[in-house]
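First the structure, in the form of structure tokens, and then the observations on it.
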Amino acid sequence: MKNIKAIIVEPDKKPSIKMINNINYDLYGLVYYPYKKMKLAENIYLIYSKDATLKKELKRNRIINNVEIYSTFIIVGCDKNSISSLSVEQIENVKKILQKL
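Each residue of the sequence shown is one higher than the one before, counting from 319 in the numbering used here.
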């Protein structure tokens, strides 16, 4: 599997860019399972934990598209329904989206 450039957003921290070697393994280490995807822009998706029962134990991160997101989430590209690396242009687009929040 190829390396994927993603943006990691942790509560109370600035977003950071990270190379993910194995999306299935690394995603499990970053975002609590089960996952949910949210479309942010064309070919850009946010992956976050959808388990609402963890809210009491996790710190609220951000509210995006009227969804309260708890704990860490990641933002990745999507190409032909597969997770892909973010391009430089997509990273700039995501930074603009996050600044508006």
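Heads up, the beta-carbon is just placed ideally off N, CA and C, and yes, glycines get one too. Keep in mind it's a predicted model, so treat the numbers as computed, not measured.
Once you ignore the five residues that flank PRO329 on each side, which residues in its own chain have a CB closer than 6 Å to its CB? LYS377, ASN379
Which of helix, strand or coil DSSP assigns to ASN339: coil
Residue from GLY395, ILE322, TYR388 with nearest C-alpha to ALA359: GLY395
Among GLU410, SER403, PHE391, which residue has its Cα nearest to the Cα of MET290? Since the displayed the chain opens at 319 and closes at 419, residue 290 lies outside it and no answer follows.
What is the C-beta distance between SER402 and ILE322, in whole angstroms, given that I count them as a contact (C-beta under 8 Å)? 7 Å
What residue range is occupied by the uninterrupted beta strand (DSSP E) comprising LEU358? 353 to 359
CB-CB under 6 Å to ILE326, same chain, minus the five flanking residues each way: which ones, in chain order? SER334, LYS336, ILE392
Ends of the beta strand (DSSP E) at ASN383? That residue, ASN383, is in no beta strand (DSSP E); it is neither H nor E in DSSP.
Taking the CB atoms as reference points, tell me whether ASN399 and ILE362 lie closer together than 8 Å. no
Below 8 Å CB to CB, which residues in the same chain sit around ILE381 once its five sequence neighbours on both sides are set aside? ILE387, LEU419
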